[in-house]
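Under my numbering, the first residue of the sequence shown is numbered 65, with each subsequent residue one higher.
All C-beta atoms, glycine included, are put in the ideal place defined by N, C-alpha and C.
Quantities reported herein were computed from a predicted structural model and do not represent experimental measurements.
Below you'll find the structure, written out as structure tokens, and then a few comments.
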Amino acid sequence: MNPHGNAAAYRPVHRREDGTHVGYLLVDGCAPPCVIPCDLLGIPLGTTEDAEAGAALLARDGLAAMQDAFEALLPRPLTEDVDPHAAAADWVWRRMVVVEVGPARATLRPEAPDPAERGRTVEIPLPADDLLHRARSA
């Protein structure tokens, strides 16, 4: 379950210039309410005081954030038809890169795949901030 609640709470943000979808705004219930700009995966890029500032941050940084490496708790080697919500005790945090992002799912691949998993990918439902986080710099 997504820690921020229902996926419907994520409000899409599109760039004014060309209509490109660049991320989502999530209004947090903190006092005072703050706006959380999230990338296309639903992962926060920070917090802002209002929707206008959040939308500006996403217009500037939202798509570029998809180039980051992410970490997901997955088996090694990555197996076919893995359910990312069904983590087992032997799964490890794996560095992953984004292959494709759609309206409801994203496809990821290992950043440094084992020989047995070359070409293998995993699909995750969106928003995915309960399954992924940005990888720390190596």
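TODO: Could you tell me if H68 is buried or exposed, where buried requires 16 or more neighbouring beta carbons within 10 angstroms of its beta carbon?
DONE: Below a pLDDT of 50, predicted positions are generally treated as unreliable, and H68, at 46, falls in that range; no measurement from the model is reported.
TODO: Would you mind reading off the limits of the alpha helix (DSSP H) that contains L109?
DONE: No alpha helix (DSSP H) contains L109, which DSSP labels as neither H nor E.
Open item on the list: Taking a contact to mean a Cβ-Cβ separation below 8 Å, would you say G110 touches P191 in this structure?
Closed with: no
- [ ] Determine contact between the segment 117-137 and the segment 79-94, defined as no fewer than three beta-carbon pairs at a distance below 8 Å.
- [x] Yes: the two stretches touch, three or more of their Cβ pairs being nearer than 8 Å.
Task: Test item: CB-CB of I188 and R159 under 8 Å - done: no
TODO: Taking all protein chains shown into account, decide if G83 is buried (16 or more other Cβ within 10 angstroms of its Cβ) or exposed.
DONE: exposed
Task: Alpha-carbon spacing of E144 relative to L137, whole angstroms - done: 15 Å
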